[in-house]
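Enquirer: Dumping the structure here so I can ask a few things about it.
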Ligand SMILES: [Zn+2]
């Protein structure tokens with residue numbers, strides 16, 4: 022072989038190996054899109070997100086992304102009483118209040134005459150979650166990231182990966198360690214006085230989770246829209262704090278999308294954005310328990326913000342109590358037991374959970390608390406939720422399975438219970454046993 026031939030062969034060999042190396046580096050840095058048979062599903066709960074939060078004005082970047090790759094509903098509903106523990110139960114089980122047994126954040130124990138402010142025992146809920154329904158199939162991995170400290174004890178059962186606030190462990194006494202390998206990467210979860218994790222930490226956990234373990238279903242609660250809402254009230258004329266926070270959240274989602282695109286994991290992800298309840302600015306606090314006592318009717322009101330469940334000492338007083346409540350200027354809805362089944366209330370669970378009467382106050386009015394020996398205790402928060410006006414939440418879907426894109430749907434009002442059956446329809450995962458929602462065919466068909 023001539024020297025020039027050998028040189029050419031050498032150059033060709035170098036080029037081939039160099040090319041191989043470039044390919045190797047390129048595929049290492051930018052791996053090809055995961056060949057999933059079903060999409061990865063990320064369900065975001067932006068805690069306390071009113072419908073007007075996810076608009077061009079408040080979150081312009083996320084809004085534009087959704088319009089390009091999905092659909093958004095102008096209004097959607099959550100369950101009543103519009104509170105965190107119940108809203109997330111409906112979102113993850115597909116069950117209304119009447120099937121889940123949850124009536125709000127807590128409940129009144131009629132045996133001991135004590136109030137449980139926050140239901141943490143998962144045995145209290147009567148409906149299984151999507152994560153529990155999936156669990157027998159060992160090939161589907163699930164994750165539960167919770168900004169709110171109070172959600173994991175109630176809803177994270179059977180999740181393969183759980184990310185919880187250190188406060189969850191402190192309050193329950195049960196261990197909630199980060200999954201293996203994440204403490205070194207993420208550091209201790211960052212929370213503030215009320216115990217809820219900051220949104221940035223949760224999004225970092227989500228990115229790291231997809232890099233390391235890549236679950237098929239990820240639930241992610243972002244708590245700080247709620248925290249700021251309680252500090253400062255809802256949106257509208259009220260809260261510049263909420264507006265600034267939503268801009269930051271908008272950028273945080275863009276950061277997440279950029280990271281997923283770099284990993285090749287953006288296009289194969291189905292994103293759902295929703296909320297457990299809305300947020301309103303409190304303008305008035307009323308004492309309904311005292312009002313009925315003043316009318317000669319002994320009772321106890323279990324308070325869930327703007328909603329109340331009334332336990333009468335003598336249930337024979339139901340109709341006269343209903344009459345008095347209908348006369349109260351701040352009461353918007355009064356339901357006796359035989360009316361509780363009606364949509365969108367769906368409250369006809371066990372009587373020892375609902376009492377004999379349900380009420381919701383009008384917008385911007387909440388109930389005061391009464392504790393034995395203390396009398397009336399006015400609520401001290403600027404922002405609150407719980408009543409029928411706070412049933413309105415955000416809902417948007419985007420990703421590979423959404424066939425109707427670029428729409429803001431105004432004529433259909435879905436419910437958060439529709440999320441789970443729609444996910445199951447798209448993925449083939451088993452529908453939880455007590456699910457009552459419908460498949461949102463208008464955006465996937
Ligand atoms: Zn909440």
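Numbering (the numbering used here), first residue to last: 22 to 466.
Where a beta carbon is used, it is the ideal one built from N, C-alpha and C, also for glycine.
(1) Looking at C-beta atoms only, is the number of pairs between the stretch 452-459 and the stretch 135-145 that lie closer than 8 Å three or more?
(2) Can you list every residue whose CB sits closer than 5 Å to some heavy atom of ligand 1, going in chain order?
(3) Considering only DSSP beta bridges, list what residue 413 is partnered with.
(4) Who are the near neighbours of residue 280 in its chain, counting only those whose CB is closer than 7 Å to its CB and skipping five residues on each side?
(5) May I have the straight-line CA-CA distance separating residue 200 from residue 125, to the nearest angstrom?
(6) CB-CB under 8 Å to residue 343, same chain, minus the five flanking residues each way: which ones, in chain order?
(7) For residue 380, is the classification buried or exposed, using 16 other Cβ atoms within 10 angstroms of its Cβ as the cut-off for buried?
(8) Under the rule that 16 or more other beta-carbon atoms within 10 Å means buried, what is residue 363, buried or exposed?
(9) Per DSSP, residue 280 forms a beta bridge with which residues?
(10) Out of 328, 317, 105, which has the shortest C-alpha to C-alpha gap to residue 335?
(11) In the DSSP assignment, find the unbroken beta strand (DSSP E) run with residue 61 in it and report its ends.
(12) Any idea which residues DSSP pairs residue 164 with across the strands?
(13) By the 10 Å Cβ neighbour count, where 16 or more other Cβ atoms means buried, how is residue 469 classified, buried or exposed?
(14) May I ask you to list the residues that DSSP assigns as paired with residue 291?
(15) For residue 252, report the span of its alpha helix (DSSP H) as first-last.
(16) Can you list, in chain order, the residues of its chain whose CB lies under 6 Å from that of residue 134, leaving out five sequence neighbours each side?
(17) Do you know how far the Cα of residue 180 is from the Cα of residue 156?
(18) If I'm right that residue 416 touches residue 94 with Cβ under 8 Å, what's the distance once you round it to whole angstroms?
(19) With three or more C-beta pairs closer than 8 Å as the rule, is the stretch 262-269 touching the stretch 236-254?
(20) What span of residues does the alpha helix (DSSP H) with residue 314 cover, start to end?
(21) Return the first residue and the last residue of the alpha helix (DSSP H) that residue 84 is part of.
(22) Tell me the rounded alpha-carbon separation between residue 48 and residue 285.
(23) What are the start and end residues of each continuous beta strand (DSSP E) run of 3 or more residues lying completely inside the stretch 373-448, in chain order?
(24) Could you work out which residue in 385, 260, 219 is closest to residue 241 when comparing CA atoms only?
(25) Could you tell me whether the stretch 442-449 touches the stretch 401-408, where touching means 3 or more Cβ pairs closer than 8 Å?
Expert: From the atom records:
(1) No: fewer than three Cβ pairs fall under 8 Å.
(2) Going along the chain, the residues that qualify are 68, 105, 247, 297.
(3) By one-based count along the chain shown, residue 413 stands at place 392. For residue 413, DSSP records a beta bridge to 98.
(4) If you number the chain shown from 1, residue 280 lands on position 259. Taking residue 280 as the centre and dropping the five residues before and after it, the same chain places the C-beta of 228 closer than 7 Å to its C-beta, in chain order.
(5) In the chain shown, the residue the question calls residue 200 occupies position 179. In the chain shown, the residue the question calls residue 125 occupies position 104. One C-alpha to the other measures close to 30 Å.
(6) Your numbering for residue 343 matches position 322 in the chain shown. 355, 357, 378.
(7) Here residue 380 is taken as the residue at index 359 of the chain shown, counted from 1. It counts as buried.
(8) Residue numbering aside, residue 363 sits at position 342 when the chain shown is read from its first letter. By the neighbour-count rule (16 or more Cβ atoms within 10 Å), residue 363 is not buried but exposed.
(9) Counted from its first residue, the chain shown places residue 280 at position 259. DSSP output for residue 280 lists no bridge partner at all.
(10) In the chain shown, counting from the first residue as 1, residue 335 sits at position 314. The option with the nearest alpha carbon to residue 335 is 317.
(11) The residue given as residue 61 occupies position 40 in the chain shown. Start and end: 61-67.
(12) As a first step, residue 164 must be located in the chain shown, where it is residue number 143. In the DSSP output, where bridge partners are listed per residue, residue 164 has 182, 239.
(13) Beyond the ends of the chain as shown, which are 22 and 466, falls residue 469; an answer cannot be given.
(14) Residue numbering aside, residue 291 sits at position 270 when the chain shown is read from its first letter. Looking at the DSSP output, residue 291 shares a beta bridge with 62.
(15) What you label residue 252 is simply residue 231 of the chain shown in a count that begins at 1. Unbroken alpha helix (DSSP H) run through residue 252: 245-253.
(16) Along the chain shown, read from residue 1 onward, the residue named residue 134 stands at position 113. Contacts found: none.
(17) One-based indexing of the chain shown puts residue 156 at position 135. One-based indexing of the chain shown puts residue 180 at position 159. Computed Cα separation, rounded: 8 Å.
(18) The count along the chain shown starts at 1 and reaches residue 416 at position 395. The count along the chain shown starts at 1 and reaches residue 94 at position 73. Contact between residue 416 and residue 94 is confirmed by a C-beta separation of about 5 Å, below the 8 Å threshold.
(19) The answer is yes - the stretch 262-269 touches the stretch 236-254, with three or more Cβ pairs under 8 Å.
(20) Here residue 314 is taken as the residue at index 293 of the chain shown, counted from 1. Here the alpha helix (DSSP H) through residue 314 covers 309-315.
(21) Position 63 of the chain shown holds residue 84. Note, residue 84: alpha helix (DSSP H), 81-90.
(22) Along the chain shown, read from residue 1 onward, the residue named residue 48 stands at position 27. Along the chain shown, read from residue 1 onward, the residue named residue 285 stands at position 264. Confidence at residue 48 is low in this model, with a pLDDT of 47, below 50, so its placement is unreliable and the value that follows should be read with caution. Those two C-alpha atoms are separated by around 10 Å.
(23) Whole beta strand (DSSP E) segments, 3+ residues: 378-382, 386-388, 390-392, 396-398, 413-419, 428-430.
(24) Position 220 of the chain shown, counted from the start, is the residue given in the question as residue 241. Closest in C-alpha terms to residue 241, from the list 385, 260, 219, comes 219.
(25) Contact between the stretch 442-449 and the stretch 401-408 is absent: fewer than three C-beta pairs spanning the two stretches fall below 8 Å.
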